[in-house]
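Engineer: Below is the structure I would like to discuss, written out as structure tokens.
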Amino acid sequence: MSDTQNVENDLIIHRADLNIDQATAEERQEREIIYCEEGDDDNERIVPDSRVDAEVVIIKGPYSSCARCVFDYKHVVLIGGGIGITPYASILQSLMAQFRASHIKIVFMKKVDFIWVNRDHKNFEWFLNILHEFEREQETYLSLNVDERRFLDIHLHFTGVKYNENSGDSPSDLITKFWSQITGHDVFTALKSKTHIGQPNWNELFQSFKSGENASMANDVGVFFCGPPSMEIDIRKYCMNYQFRYFEEKF
Numbered sequence: 067m068s069d070t071q072n073v074e075n076d077l078i079i080h081r082a083d084l085n086i087d088q089a090t091a092e093e094r095q096e097r098e099i100i101y102c103e104e105g106d107d108d109n110e111r112i113v114p115d116s117r118v119d120a121e122v123v124i125i126k127g128p129y130s131s132c133a134r135c136v137f138d139y140k141h142v143v144l145i146g147g148g149i150g151i152t153p154y155a156s157i158l159q160s161l162m163a164q165f166r167a168s169h170i171k172i173v174f175m176k177k178v179d180f181i182w183v184n185r186d187h188k189n190f191e192w193f194l195n196i197l198h199e200f201e202r203e204q205e206t207y208l209s210l211n212v213d214e215r216r217f218l219d220i221h222l223h224f225t226g227v228k229y230n231e232n233s234g235d236s237p238s239d240l241i242t243k244f245w246s247q248i249t250g251h252d253v254f255t256a257l258k259s260k261t262h263i264g265q266p267n268w269n270e271l272f273q274s275f276k277s278g279e280n281a282s283m284a285n286d287v288g289v290f291f292c293g294p295p296s297m298e299i300d301i302r303k304y305c306m307n308y309q310f311r312y313f314e315e316k317f
């Protein structure tokens, strides 16, 4: 129901989780007054100086997930901090189905960036089966269809190692680069996608979404985040800077 419809029906609807300090109907009803005016044009109601007490509806969930909007964007960015990646397990399975479908028909979604930030590299293990399967399918498909673009890019960040970013690569980062060059896969995950040491450079990462071979228009990009508040502040800021649509999942 839109805000206009709420007013026309003398209803004010609130989500309790977004109105924590006003989460009861009694409190809201004391404060909410709708001012209505009545006139002759198009059967509009106009009653000067009259007041109508509003019926207040407080919805205390469950609320629909922002995941319902994932397939509305051509370029989807999934960002998880620690266990905040959990809601995206089923989404990634659905994205695999989208990728398979794209082989035989044109689908709306064209690009997915999967970003997972973890303090402990061992936390990556429980999610690796899905990532390995997706990566293998994509590499096989691209080897047979050289003109096609990548559908999924995986960005894993291990923040358990502290180092001075201004001094260049950390020893751990140098080791992972050397290992991947020799073996062809990542030392932590055995994926072909490299695990990065340290926090993501959000400005650089978001800039890459709008430039390069797979560049996207700002209104084609939907960023979906689930994780700690400290990450949320930065990600929301850069979404505003780059005019990407931002969605936050609570877990």
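According to the numbering used here, the sequence shown is numbered sequentially starting from 67. Every residue, glycine too, gets a C-beta built ideally from N, C-alpha and C. Computed from a predicted structure; not experimentally measured.
Just mark S282 as buried or exposed, buried being the case when its beta carbon has 16 or more other beta carbons within 10 Å.
Structural biologist: So S282 counts as buried.
Engineer: Hey, could you find the ends of the alpha helix (DSSP H) I181 is sitting in?
Structural biologist: From DSSP, I181 is part of no alpha helix (DSSP H) but of the beta strand (DSSP E) over K177 to N184.
Engineer: By Cβ distance below 6 angstroms, which residues in the same chain neighbour F165 in space, the five residues on each side in sequence not counted?
Structural biologist: Here the set comprises F217.
Engineer: On a CA-only basis, which of N285, E315, Y308 and F193 is nearest P295? Give me that one, please.
Structural biologist: It is E315.
Engineer: Just to confirm, is the Cβ distance from I301 to I157 under 8 angstroms?
Structural biologist: Not a contact, by the Cβ cut-off of 8 angstroms.
Engineer: Could you tell me the alpha carbon to alpha carbon distance between V178 and I151, rounded to whole angstroms?
Structural biologist: Looking at the two C-alpha atoms, the distance is approximately 15 angstroms.
Engineer: So the beta strand (DSSP E) R311 belongs to, where does it begin and stop?
Structural biologist: Here the beta strand (DSSP E) through R311 covers R311 to E314.
Engineer: S277 to E270, Cα distance in whole Å?
Structural biologist: Cα to Cα, S277 sits roughly 11 angstroms from E270.
Engineer: I need the DSSP call for E270, collapsed to helix, strand or coil.
Structural biologist: In this structure, E270 counts as helix in the three-state DSSP scheme.
Engineer: Label M297 either buried or exposed according to how many other C-beta atoms from any shown protein chain fall within 10 Å of its C-beta, with 16 as the threshold for buried.
Structural biologist: That one is buried.
Engineer: Looking at C-alpha atoms only, which residue of L208, E201, N211 and N184 is the closest neighbour of H223?
Structural biologist: Answer by Cα proximity: N184.
Engineer: Report buried or exposed for I181, applying the criterion of at least 16 other Cβ atoms within 10 angstroms of its Cβ.
Structural biologist: Buried: at least 16 other Cβ atoms inside 10 Å.
Engineer: Quick one: using the 10 Å Cβ neighbour count with 16 as the cut-off for buried, is T261 buried or exposed?
Structural biologist: T261 is buried by the Cβ-count criterion.
Engineer: Mind checking who F290 pairs with in its DSSP beta bridge?
Structural biologist: Answer is L144 and F313.
Engineer: Since M175 and V142 should fall inside the 8 angstroms C-beta cutoff, what is the C-beta to C-beta distance between them, to a whole number of angstroms?
Structural biologist: Between V142 and M175 the Cβ distance is about 6 angstroms, and since that is below 8 angstroms, they are a contact.
Engineer: DSSP on N307, reduced to helix/strand/coil?
Structural biologist: Note: N307 maps to helix in three-state DSSP.
Engineer: When you compare only the Cα positions, how much space is there between W268 and F313?
Structural biologist: So the two alpha carbons sit approximately 16 angstroms from each other.
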